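Asker: Okay, handing you the structure first.
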Amino acid sequence: SMKRMVHDGTRCSYKDAFSLCVRGECRKVGCDGVIGSSKQEDKCGVCGGDNTHCKVVKGTFTRSPKKLGYIKMFEIPAGARHLLIQEADSTSHHLSVKNLETGKFILNEENDVDPNSKSFIAMGVEWEYRDEDGRETLQTMGPLHGTITVLVIPQGDARISLTYKYMIHEDSLNVDGNNVLEDDSVGYEWALKKWTPCSKPCGGGSQFTKYGCRRRLDHKMVHRGFCDALTKPKAIRRACNPQECSQPVWVTGEWEPCSQSCGRMGTQARSVRCVQPLHNNTTRSVHTKHCNDARPEGRRACNRELCPGRWRAGPWSQCSVTCGNGTQERPVLCRTADDSFGICREERPETARICRLGPCPRNISDPSKKSYVVQWLSRPDPDSPVQKTSS
Numbered sequence: 000s001m002k003r004m005v006h007d008g009t010r011c012s013y014k015d016a017f018s019l020c021v022r023g024e025c026r027k028v029g030c031d032g033v034i035g036s037s038k039q040e041d042k043c044g045v046c047g048g049d050n051t052h053c054k055v056v057k058g059t060f061t062r063s064p065k066k067l068g069y070i071k072m073f074e075i076p077a078g079a080r081h082l083l084i085q086e087a088d089s090t091s092h093h094l095s096v097k098n099l100e101t102g103k104f105i106l107n108e109e110n111d112v113d114p115n116s117k118s119f120i121a122m123g124v125e126w127e128y129r130d131e132d133g134r135e136t137l138q139t140m141g142p143l144h145g146t147i148t149v150l151v152i153p154q155g156d157a158r159i160s161l162t163y164k165y166m167i168h169e170d171s172l173n174v175d176g177n178n179v180l181e182d183d184s185v186g187y188e189w190a191l192k193k194w195t196p197c198s199k200p201c202g203g204g205s206q207f208t209k210y211g212c213r214r215r216l217d218h219k220m221v222h223r224g225f226c227d228a229l230t231k232p233k234a235i236r237r238a239c240n241p242q243e244c245s246q247p248v249w250v251t252g253e254w255e256p257c258s259q260s261c262g263r264m265g266t267q268a269r270s271v272r273c274v275q276p277l278h279n280n281t282t283r284s285v286h287t288k289h290c291n292d293a294r295p296e297g298r299r300a301c302n303r304e305l306c307p308g309r310w311r312a313g314p315w316s317q318c319s320v321t322c323g324n325g326t327q328e329r330p331v332l333c334r335t336a337d338d339s340f341g342i343c344r345e346e347r348p349e350t351a352r353i354c355r356l357g358p359c360p361r362n363i364s365d366p367s368k369k370s371y372v373v374q375w376l377s378r379p380d381p382d383s384p385v386q387k388t389s390s
């Protein structure tokens, strides 16, 4: 089914405040409102700015639980960007956040705590919550559209210590000057995350560096929005897997069990793949056209012998003569349960026997017949049935 198309003018994502959906496609829009413009906001929201009006605010609050219920730690004002809130130590306490204006919780109410790491949308921005062995972290690129209150739901009496850090335009600044850092150049840095997979498994390919944003304090990787996009290093290219490619070969699997135990319809199959050996003792599947030899069979007949059956005898025919000694015959066939031809191990029942009727009347007009022959043929035999015919 087709995906539902959003209304024109909808933001493409929470990570891009300006690009819009138009007729089902994301159109790049700069912070100046011009479609196709590459103009961007600086770290505190000035379109085309150079961060000169940005201020970094940080602080640490420590509390000791003295009663049940929420413990208020601090507030983060509207306009804050690149916000990071983190527990100083691993504890069993739970971080909780609510919208100051509405009083609505956006993370962990006292009776509804979800300790699982997750990403979620609240107050018009995307949040990332992590709980790693009891040490909680909450971060968002912002900007916050309203003030939030950061609280803690205590579990036990262990000391609670939370650190926070965010960027804000100097015009929105309303905090103690001791918490303001004039220079944040040492806070985050671009770091090599990994190399992309090689574009080819052999025969010479390419791979490129991938960079992530890292916090200098503890070298922990964070969202790329915390680093300055203008200082991101260019990707470095390097050659990889220069060794020659091996000739692909056919590889077959084991034959599957036969579909029938007997009869005329049994078949069995096996996998047949064209694979290319690689230098690291692994293989990769390639198109069958790359294998030169004849393709091994992938299906064959099996168990094509007759199924076990039982002898079935039909009725005896009438005696071949109307008087004297004759013969009777009947059909005897080996048939299976589904009435097809089978193979029978037992001895086949007889298909013919002698039948003896009464003596034939003597034909006086036929002098060639000798009376003793008629008498011999008409002699009684106790081992053979006598079939009588009615006159």
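Numbering (our numbering), first residue to last: 0 to 390.
Glycine residues also receive a C-beta, built at the ideal position from the N, C-alpha and C atoms.
For clarity, every value in this text was computed on a predicted model and none was experimentally measured.
With a 10 Å radius around its C-beta and 16 neighbouring C-beta atoms as the bar for buried, classify Pro-200 as buried or exposed.
Answerer: The residue you call residue 200 lines up with position 201 of the sequence shown. Buried, by the Cβ-count rule.
Asker: How is His-286 classed by DSSP in three states: helix, strand or coil?
Answerer: As a position in the sequence shown, residue 286 is number 287, starting the count at 1. Correct three-state label for His-286: coil.
Asker: Residues bridged to Ile-34 by DSSP?
Answerer: By 1-based counting over the sequence shown, the position of residue 34 is 35. Answer is Val-28.
Asker: Grab me the residues of Gly-262's own chain with a C-beta within less than 7 Å of its C-beta, minus the 5 sequence neighbours each way, in chain order.
Answerer: For the purposes of this step, residue 262 is taken as the residue at position 263 of the sequence shown. Same-chain partners within the cutoff: Cys-306.
Asker: Can you name the start and end residues of the beta strand (DSSP E) that Trp-126 belongs to?
Answerer: Locating residue 126 in the sequence shown gives position 127, where the first residue counts as 1. Residues 124 to 131.
Asker: Using a 10 Å radius around the Cβ and a threshold of 16 neighbouring Cβ atoms, would you call Gln-317 buried or exposed?
Answerer: As a working note, residue 317 is residue 318 in the sequence shown. By the 10 Å Cβ count, Gln-317 comes out exposed.
Asker: Give a yes or no on whether the C-beta atoms belonging to Ser-36 and Val-45 are separated by under 8 Å.
Answerer: For this step, residue 36 is matched to residue 37 along the sequence shown. For this step, residue 45 is matched to residue 46 along the sequence shown. Not a contact, by the Cβ cut-off of 8 Å.
Asker: Let's see if you can read the secondary structure: which residues bound the beta strand (DSSP E) around Trp-310?
Answerer: Locating residue 310 in the sequence shown gives position 311, where the first residue counts as 1. From DSSP, the beta strand (DSSP E) with Trp-310 extends over 309 to 312.
Asker: Apply the 10 Å Cβ neighbour rule to Ile-34 and answer buried if 16 or more other Cβ atoms are within range, or exposed otherwise.
Answerer: Translated into the one-based positions of the sequence shown, residue 34 becomes position 35. Burial call: exposed.
Asker: Indicate the three-state DSSP secondary structure (helix, strand or coil) for Leu-229 in the structure shown.
Answerer: Within the sequence shown, residue 229 is the residue found at index 230, counting from 1. Helix, per DSSP.
Asker: Check whether the Cβ atoms of Gly-141 and Ala-79 lie closer than 8 Å to each other.
Answerer: As a position in the sequence shown, residue 141 is number 142, starting the count at 1. As a position in the sequence shown, residue 79 is number 80, starting the count at 1. Taking 8 Å as the Cβ cut-off, Gly-141 and Ala-79 qualify as a contacting pair.
Asker: Flag this pair as yes or no: are the beta carbons of Cys-30 and Phe-17 separated by less than 8 Å?
Answerer: Along the sequence shown, one-based indexing puts residue 30 at 31. Along the sequence shown, one-based indexing puts residue 17 at 18. For Cys-30 and Phe-17, yes; Cβs fall inside 8 Å.
Asker: Are there 16 or more other CB atoms within 10 angstroms of the CB of Asp-182, so buried, or fewer, so exposed?
Answerer: Walking along the sequence shown from the start, residue 182 turns up at place 183. Confidence is the limiting factor: at Asp-182 the pLDDT is only 43, short of 50, which leaves the residue's position unreliable, though a coordinate-based value still follows. So Asp-182 ends up on the exposed side.
Asker: Indicate the three-state DSSP secondary structure (helix, strand or coil) for Arg-361 in the structure shown.
Answerer: In the sequence shown, residue 361 corresponds to position 362, counting from 1. If DSSP states are grouped into helix, strand and coil, Arg-361 belongs with coil.
Asker: Reducing DSSP to helix, strand and coil, say where Arg-223 ends up.
Answerer: The residue labelled residue 223 in the question sits at position 224 within the sequence shown. Three-state result, Arg-223: helix.
Asker: Within this structure, are the beta carbons of Gly-323 and Pro-358 separated by less than 8 Å?
Answerer: Position 324 of the sequence shown, counted from the start, is the residue given in the question as residue 323. Position 359 of the sequence shown, counted from the start, is the residue given in the question as residue 358. Closer than 8 Å, so yes.
Asker: Shortest alpha-carbon distance to Asp-113 belongs to which of Ile-120, Val-124, Gly-123 and Asp-130?
Answerer: Along the sequence shown, one-based indexing puts residue 113 at 114. Cα-wise, what sits closest to Asp-113 is Asp-130.
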